[in-house]
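Numbering (this note's numbering), first residue to last: 5 to 77.
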């Protein structure tokens with residue numbers, strides 16, 4: 005049986021708890037973690053098996069507050 009792989013990208017922009025305009029840098033990390041948790045739960049409900057979760061890197065907290073999820077069915 006062949007596996008179907010897929011990559012999903014989530015960032016702080018996907019969170020329902022977005023940081024305020026004048027919020028600190030740690031707010032972006034909290035929002036990204038919230039978005040990651042929501043996406044992992046959604047993928048689990050759809051039957052995806054998580055292979056890896058990779059944090060993206062950037063120069064600013066806005067750029068680095070994101071994750072790439074690699075999953076398969």
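Glycine included, every Cβ here is placed at the ideal spot set by N, Cα and C.
- Below 8 angstroms between beta carbons: does that hold for residue 36 and residue 15? Taking 8 angstroms as the cut-off, the Cβ atoms of residue 36 and residue 15 count as close.
- Task: In the DSSP assignment, find the alpha helix (DSSP H) that holds residue 61 and state where it starts and stops.
- Result: Per DSSP, residue 61 belongs to no alpha helix (DSSP H) and is neither H nor E.
- Tell me which same chain residues have a C-beta within less than 6 angstroms of the C-beta of residue 73, skipping the five on either side of it? Within the same chain, residue 73 has close Cβ partners 12, 57.
- Message: Suppose contacts are defined by Cβ-Cβ distances below 8 angstroms. Is residue 51 in contact with residue 21 by that definition?
- Response: Result no, Cβ atoms of residue 51 and residue 21 do not sit closer than 8 angstroms.
- Task: Could you check the C-alpha separation between residue 65 and residue 33 for me, to the nearest Å?
- Result: If you draw a straight line from the Cα of residue 65 to the Cα of residue 33, it is about 8 angstroms long.
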